[in-house]
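J.: To start, I am sharing the structure in question, which I have written as structure tokens.
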Amino acid sequence: MEDGPPNSIPIQEEVINNKQQQIHVKTVHINPQPVKFTIKDEKTIYRIQIPKTDNSKLIQDFMKGYLQPNRKYYIMFDLEETYKQFCREYCKLFGQNGPEIIRCTKELEVVEDEEKRNELIKNHHEGKTNHRGITETISYLQRRYY
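Position one of the sequence shown corresponds to residue 3 (my numbering), numbered consecutively onward.
Next up, the structure:
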């Protein structure tokens, strides 16, 4: 696990999709939408939009309203600057005593449509790899899709 800036959210070079408590942060220029909260496959997923500027209050409100002590959360940011702002607000709000938050750096494409999944499997197995086998096909697809 890598450390980020001092007193910050640590970084793991891992995929966020298989984590139990996920936070996906998207930076927007105007009109951030309310937090979207879903439970899917026993995983809790928060999707939050943060304005590029003047975002301190929104970040703190999210942390106060949604994060629970003694829980581990995994978070994904679309911009490095938003990560740094989250770190600053986390330290202001919790110091060293807040919920555990770990930044993930990878996200797989989610394919929910059964037909599209089958098409991806068929195309990879029969296309580029010339029937290399189901094990290699599964391995390839698991590295890219969830």
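All C-beta atoms, glycine included, are put in the ideal place defined by N, C-alpha and C. As the structure is a computational prediction, the values presented were derived from the model and not from experiment.
Just mark residue 21 as buried or exposed, buried being the case when its beta carbon has 16 or more other beta carbons within 10 Å.
T.: By 1-based counting over the sequence shown, the position of residue 21 is 19. Residue 21 comes out buried.
J.: I want to know whether the region 83-92 touches the region 53-62 - three or more CB-CB distances under 8 Å.
T.: In short, these stretches touch, since the Cβ pair count reaches three.
J.: Looking only at DSSP bridge pairs, what is residue 102 linked to?
T.: Counting from one through the sequence shown, the residue named residue 102 turns up at place 100. 74, per the DSSP bridge assignment.
J.: Starting from the C-beta of residue 74, find all residues in its chain whose C-beta is less than 6 Å away, skip the five residues before and the five after it, and write them out in chain order.
T.: Locating residue 74 in the sequence shown gives position 72, counting from the first residue. Counting only Cβ-Cβ distances below 6 Å, and skipping sequence neighbours, we find 102.
J.: Compute the Euclidean distance between the alpha carbons of residue 35 and residue 51, then round it to the nearest angstrom.
T.: For this step, residue 35 is matched to residue 33 along the sequence shown. For this step, residue 51 is matched to residue 49 along the sequence shown. Going by the C-alpha atoms only, they are around 6 Å apart.
J.: Is residue 21 helix, strand or coil by DSSP?
T.: Start at 1 with the first residue of the sequence shown, and residue 21 comes out as number 19. Residue 21: coil per DSSP, three-state reduction.
J.: Taking buried to mean at least 16 other C-beta atoms within 10 Å of its own C-beta, is residue 81 buried or exposed?
T.: By one-based count along the sequence shown, residue 81 stands at place 79. So residue 81 counts as exposed.
J.: In terms of residues, what are the limits of the alpha helix (DSSP H) holding residue 62?
T.: If you number the sequence shown from 1, residue 62 lands on position 60. Where residue 62 is concerned, the enclosing alpha helix (DSSP H) stretches over 58-68.
J.: For residue 41, list the residues DSSP reports as bridge partners.
T.: Locating residue 41 in the sequence shown gives position 39, where the first residue counts as 1. Bridge partners of residue 41: 46.
J.: In angstroms, rounded to a whole number, what distance separates the CA positions of residue 85 and residue 107?
T.: For the purposes of this step, residue 85 is taken as the residue at position 83 of the sequence shown. For the purposes of this step, residue 107 is taken as the residue at position 105 of the sequence shown. Going by the C-alpha atoms only, they are around 11 Å apart.
J.: Could you give the C-beta distance for residue 61 and residue 87, rounded to a whole number, given that I count them as a contact under 8 Å?
T.: In the sequence shown, the residue the question calls residue 61 occupies position 59. In the sequence shown, the residue the question calls residue 87 occupies position 85. Right, the Cβ-Cβ distance comes to about 6 Å (below 8 Å), so this counts as a contact.
J.: Mapping DSSP to helix, strand and coil, what is residue 55?
T.: Position 53 of the sequence shown, counted from the start, is the residue given in the question as residue 55. In this structure, residue 55 counts as coil in the three-state DSSP scheme.
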